[in-house]
Amino acid sequence: MTAPLIVGVGPAGIRAAQTLVAAGLRPQVVDEAPASGGQIYRQPLQPDGRSAQALYGSEAGKAVDLHRTFDGVLGKIDYYPNALLWNLRDGQADLAIAGRAKRIAYDGLILATGATDRILPVPGWTLPGVYTLGGSQVALKAQGCAIGRKVVFCGTGPLLYLVAWQYWKAGVTVAAVLDTAPASAKLALVRGLTLAPAIVLRGLKFGFDLKRAGVPIYSGVEALRFGGTARVEGISWRAGGREHHLLCDGIGYGLSLRPETQVADLAGCAFRFSARDRAFVPQKDAAGRSSVAGVYLAGDGAGIAGADAAERAGERAALALLQDRAFPVDTARCAALESDLAKIEKIRDMLEAAFPFPAHWAATLPDDLTLCRCEDVSVGSVRQAVQAFGLTEMNRLKAVTRTGMGRCQGRMCGAAVAEVLAGACGREVAAVGRLRGQAPVKPVPLTLEAAE
Amino acid sequence: MSGRLSVDVAIIGGGLAGSSAALALRGMGISVALFDKGFCGAQASGVNYGGVRRQGRPPEQLPLAARAAGVWTRLRGLIGIDGEYERSGHLKLAQTEADMAALEAYAETVSGYGLDLQLMGGAALRKRFPWIGDGMVGGSYCPSDGHANPRLVATAFPAAARRAGAQVFEQTAVVGVTRQADGFWLETATNLRVRAGIVLNTAGAWAAPFAESFGEPLPLSRIYPSMIVTEPLPPLMDVNIGMEGGAIYARQVARGNCVIGGERGLVLADPDFSRPSSDGARAIMNRAARFFPALQHAHAIRFWTGTEGATPDKNPIIGFSTTTPGLIHAFGFTGAGFQITPGVGEVLAELVRDGHSPTPITAFSPARFRPARSPASPGLTGAQDQNNQQKSEQREGFPS
Ligand SMILES: Cc1cc2nc3c(=O)[nH]c(=O)nc-3n(C[C@H](O)[C@H](O)[C@H](O)COP(=O)(O)OP(=O)(O)OC[C@H]3O[C@@H](n4cnc5c(N)ncnc54)[C@H](O)[C@@H]3O)c2cc1C
Ligand SMILES: Cc1cc2nc3c(=O)[nH]c(=O)nc-3n(C[C@H](O)[C@H](O)[C@H](O)COP(=O)(O)OP(=O)(O)OC[C@H]3O[C@@H](n4cnc5c(N)ncnc54)[C@H](O)[C@@H]3O)c2cc1C
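Chains Z and D, in that order, give the protein sequences.
Count the first sequence with the numbering used here and you get residues 111 to 562, in order.
Count the second sequence with the numbering used here and you get residues 16 to 415, in order.
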């Protein structure tokens, strides 16, 4: 029998692998990264002497446990690190490993592909020195370097305060934290104290530590602009009815996350619009079964729910796969995982209320702003195309304007394009649809050669 | 939209065949409703490779292709944009002596059609197109061919038709057509009932069932040409490249991406859809890197396929139905309709208005797929269309 394939070794993928191994299966596991951990528990590229505590802070225990768990199953799985899964079809997955093509057969697929940062363009967002929040964190975690000497973090979402705090802890000057959410939104956190005290207190501690260290924190930030000529030199914004400017040499920016759904799309999964994520996500049931038999979804890739949820969803999805193959499964454990996940969903609702996406921005973006940076398409040219052709749908917009047609295939600009299109044609963002995923999931070399 | 509507001409399918016909008909003052089950230009016409070439077509297509070439040069005036149309020339390469002999034979056959083909051997080829890798025996260059951006052209034609007064219904599938005493009645999935004197069946790969429903089984299969596109690269390919034998075809767009086609996609469970096969895509990529050394370090950023109707003799089906007066077919362009369909629209408009076209289309008559028997006598389609019908009795392409 062909073994199941797990895509992604973040918390979801690791727990899925562990669960399948415990049942006596030998899963195949693929990840583009060189080591396990996914985004949150990403490991340094080279051991550099930093402790787990230094790297993962309050989450060090979970990180160590997950890394150990994965190391523990290494002999019992077929693991392909540094391997991009770029296409799949009919039980065959195509990988690119160091310029070589490799095809593996699978029976059963657990997608734990995680998330990437979500952004809306703002003036100056393409200047060197501007990073996403996640990217800023990757630089720190994996490479042990900072994106600047004097850094501003802006946007919204739990990562905003976390990454700012991690930079401050690492000794980098954090010049300011600019939260686009109004201060009143943070009341949701206070209300959420009973729901998830540990999470809320941890978040509040980040803010408190930063404040105590003298880092100015602004809420309700509007009209963000990143300035500079050859690279970023400063940032301007409006808050509390006043204009503000600050010099800096690095900016971390992001508006929460977006699920990485390309592979699910290629696998034929049906999608639904998630009002909370303001994005189309692959449909799944409480156990993680997708609309396609034998394809299971876990973690942020199926809807942003965070690392703790990802661990549970990974285990639950693996158990679902086992159930569907008539393995004996601890049903009480399944029920407990599902009830945990349902509870975490409520926490996510609370966090989303505390860090709302500034959907009203899209209408205020200036026409000359670059929207799709791969193909160099401006906000104005999208609006014009909508006017000229009466466009109301993402793939038609892509056909006419090239948005989402470049190297990133809309993975970076897609969310913003949907917002601008929806605004320009006067529809809800749910109504403009989504860019259909196409292989290759990421660019592959033309000379990609077959491996034996 | 539900309700009722009455027009001179109803067009099923808003690809380039249908939308260019709609535009041409409006130019003649004829009322038109254009229907597409999805978005106009979102199928083959909008997702194809973008080759605007006459070179390589069978001689019987060349008069129609010449007609279309005229439309391409008037594009901006017609549809308001240039569609990134470039007369870059089309260079067909030969990898072997046998391929070269085939190119020479072709040049001989079509010498009377004004393609002005320039044959060149390996040395001349290398001198003129140094970016082509070694190993080519020679090539044939057609200076007046070129390429364009299908996504723009296929969107702009229906938009221009709409501006010219055509009623364009997108996401409005035609689910049934019948012919009654007072003309055709079309029914849409949105509960619109449309009466029309003439119906154009330009439904692309989906056209056969409409013919079939009028007792006219026509052999239409489906093909799924497969494409890859590279990241933007510095200017390199200044012509549209084809290859004898069809290993790949390639062009570079103004933005810098190289669009490279070849192979066929894999059809999905729903045959309306297909996906590039990984092996096919890699075959195209590897060949491109071999034939064009500058691509050796490039990345492919995207693959795609499209759904196209194909006929057994590789010629399209264009002309009056052999069973049903007032029904005109234009489909089955077999992977080569992008260049030709803008001209087909003009021809279709002439068929509607005059019953015949000065452009020879006999070779494309649906009758060629019909077992020999006497043609159906054209009946009347209602008062307003009598004129058309009478004219159509002497029309070109009607079986004799
Ligand atoms: C940059 C970044 C930083 C984050 N940092 C934090 C943080 O510090 N704290 C926090 O609470 N949350 C953080 N998050 C959110 C966090 O990612 C998750 O909640 C958690 O990691 C989700 O786990 P997961 O298993 O679903 O996916 P991930 O941990 O994201 O793992 C997904 C894995 O799948 C792999 N993958 C995806 N597609 C392919 C493919 N086609 N081929 C091969 N491999 C593939 C990726 O390489 C990745 O390793 C971060 C998110 C991002 C994007
Ligand atoms: C990938 C690819 C590459 C190609 N490359 C080239 C090239 O380089 N050069 C070249 O000359 N040709 C090329 N071709 C061929 C060319 O694209 C086609 O021949 C041409 O576009 C056909 O046009 P059409 O209008 O007949 O069909 P289509 O563009 O497919 O239009 C038919 C329309 O009918 C609609 N329709 C179907 N059924 C219904 C219904 N029931 N109700 C309402 N609407 C309906 C469809 O939605 C569709 O929009 C290529 C084709 C493909 C797929």
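Quick reminder that beta carbons are idealized off the backbone N, C-alpha and C, glycines included.
Residue i - containing alpha helix (DSSP H), residue span
i, result
"D/Asp294", "Ser293 to Phe306"
"Z/Arg506", "Met504 to Thr511"
"D/Phe172", "Pro165 to Arg178"
"Z/Gln372", "Gln372 to Leu376"
"Z/Gly533", "Gly524 to Cys535"
"Z/Arg178", "Ala170 to Val183"
CB of residue i within 9 Å of CB of residue j, strictly
i, j, result
"D/Gly324", "D/Phe348", "yes"
"D/Pro240", "D/Asn63", "yes"
"D/Arg178", "D/Gly61", "no"
"D/Glu295", "D/Arg305", "It should be noted that the sequence gives Gly, not Glu, for residue 295 of chain D. Taking 9 Å as the Cβ cut-off, D/Gly295 and D/Arg305 do not qualify as a contacting pair."
"Z/Pro231", "Z/Leu479", "yes"
"Z/Thr236", "Z/Arg483", "yes"
"Z/Phe73", "Z/Trp275", "No answer is possible for residue 73 of chain Z: the residues shown for chain Z start at 111 and end at 562."
"D/Glu99", "D/Ala269", "yes"
"Z/Leu115", "Z/Gly218", "yes"
"D/Leu363", "D/Leu215", "yes"
"D/Ser34", "D/Gly56", "yes"
"Z/Leu507", "Z/Val527", "yes"
"Z/Cys444", "Z/Leu429", "yes"
"D/Ala382", "D/Gly334", "yes"
"D/Arg194", "D/Ser21", "no"
"Z/Pro369", "Z/Val405", "no"
"D/Ala220", "D/Leu233", "no"
Beta strand (DSSP E) segment containing residue i, residue limits
i, result
"D/Lys107", "His105 to Ala109"
"Z/Val94", "Only positions 111 to 562 of chain Z appear in this structure, which leaves residue 94 of chain Z out of reach."
"Z/Ala286", "Thr283 to Asp289"
"Z/Asp204", "Gln202 to Ile207"
"Z/Phe265", "The residue asked about is misnamed: residue 265 of chain Z is Gly in this sequence, not Phe. Start and end: Lys260 to Thr266."
"D/Gln267", "Tyr264 to Gln267"
"Z/Ala211", "Arg210 to Ala215"
"Z/Gly313", "Where Z/Gly313 is concerned, there is no enclosing beta strand (DSSP E), although the alpha helix (DSSP H) it sits in stretches over Pro307 to Arg322."
"D/Leu235", "Element bounds for D/Leu235: n/a, residue is neither H nor E."
"Z/Pro392", "Ala389 to Pro392"
"Z/Ser491", "Z/Ser491 -> not in any beta strand (DSSP E); alpha helix (DSSP H) instead, spanning Val489 to Phe499."
"Z/Tyr406", "Val405 to Leu407"
"Z/Gly398", "No beta strand (DSSP E) contains Z/Gly398, which DSSP labels as neither H nor E."
> Going along the chain, which unbroken runs of the beta strand (DSSP E) with 3 or more residues stay wholly within the region 327 to 357 of chain D?
Replying inline: 332 to 335 and 342 to 346
>> Taking beta-carbon pairs under 8 Å, can you tell me which members of the region 314 to 328 of chain D lie near chain Z?
In response: His314, Ala315, Ile316, Arg317, Phe318 and Trp319
> Just by C-beta distance, which residues in the region 75 to 94 of chain D are closer than 7 Å to chain Z?
Replying inline: none
> In the region 208 to 235 of chain Z, which residues sit with their C-beta less than 8 Å from some C-beta in chain D, listed in chain order?
Replying inline: Ala211 and Arg213
> Within the chosen definition, does the region 73 to 87 of chain D reach the region 229 to 240 of chain D through at least 3 CB pairs nearer than 8 Å?
Replying inline: no
> Hey, which unbroken runs of the beta strand (DSSP E) at 3 residues or more fall wholly within the region 441 to 486 of chain Z?
Replying inline: 480 to 482
> In the region 39 to 121 of chain D, which residue ranges form an unbroken beta strand (DSSP E) of at least 3 residues, counting only runs that do not cross its ends?
Replying inline: 47 to 50 and 105 to 109
> What are the residues of the region 154 to 181 of chain D that lie near chain Z, defined by any Cβ-Cβ distance shorter than 7 Å?
Replying inline: Arg166, Leu167, Thr170 and Ala174
> Is the region 252 to 265 of chain Z touching the region 377 to 385 of chain Z, taking contact as three or more C-beta pairs under 8 Å?
Replying inline: no
> When the Cβ atoms of the region 28 to 36 of chain D are set against those of the region 162 to 179 of chain D, are three or more pairs found closer than 8 Å?
Replying inline: yes
> At a Cβ cut of 9 Å, what residues of the region 43 to 75 of chain D count as close to chain Z, listed as they run along the chain?
Replying inline: Phe54, Gly56, Ala57, Gly61 and Val62
> Using a Cβ cut-off of 9 Å, which residues of the region 235 to 253 of chain D contact any Cβ in chain Z, in chain order?
Replying inline: Ile243, Val244, Thr245, Glu246 and Pro247
> Just by C-beta distance, which residues in the region 285 to 298 of chain D are closer than 7 Å to chain Z?
Replying inline: Arg290, Pro291, Ser293 and Arg297
> Just by C-beta distance, which residues in the region 190 to 214 of chain D are closer than 9 Å to chain Z?
Replying inline: none
>> Please identify, using Cβ separations under 9 Å, the residues of the region 332 to 357 of chain Z that lie next to chain D, in order along the chain.
In response: none
>> Taking beta-carbon pairs under 7 Å, can you tell me which members of the region 107 to 130 of chain D lie near chain Z?
In response: none
> Can you find at least 3 beta carbon pairs, one from the region 431 to 446 of chain Z and one from the region 487 to 500 of chain Z, that sit closer than 8 Å?
Replying inline: no
> Is there contact here, the region 241 to 254 of chain D with the region 369 to 377 of chain D, by at least three beta-carbon pairs under 8 Å?
Replying inline: no
> Any contact of the region 307 to 322 of chain Z with the region 188 to 202 of chain Z, i.e. 3+ C-beta pairs under 8 Å?
Replying inline: no
> Which of the residues in the region 529 to 550 of chain Z, read from start to end, lie with their CB under 8 Å from any CB of chain D?
Replying inline: Gln548, Ala549 and Pro550
> In chain order, what residues of the region 167 to 186 of chain Z put their CB closer than 8 Å to some CB of chain D?
Replying inline: none
> Between the region 286 to 315 of chain Z and chain D, which residues of the former have a C-beta closer than 9 Å to a C-beta of the latter?
Replying inline: none
> Looking at chain D, which residues of the region 504 to 517 of chain Z have a Cβ within less than 8 Å of any of its Cβ atoms?
Replying inline: Asn505, Arg506, Ala509, Val510, Arg512, Met515, Gly516 and Arg517
>> I want to know whether the region 150 to 165 of chain D touches the region 99 to 111 of chain D - three or more CB-CB distances under 8 Å.
In response: yes
> Going along the chain, which residues of the region 399 to 410 of chain Z sit with their C-beta nearer than 7 Å to a C-beta in chain D?
Replying inline: none
> Using a beta-carbon distance cut-off of less than 7 Å, what residues from the region 300 to 312 of chain D approach chain Z?
Replying inline: Met300, Asn301, Ala303, Ala304, Leu310 and Gln311
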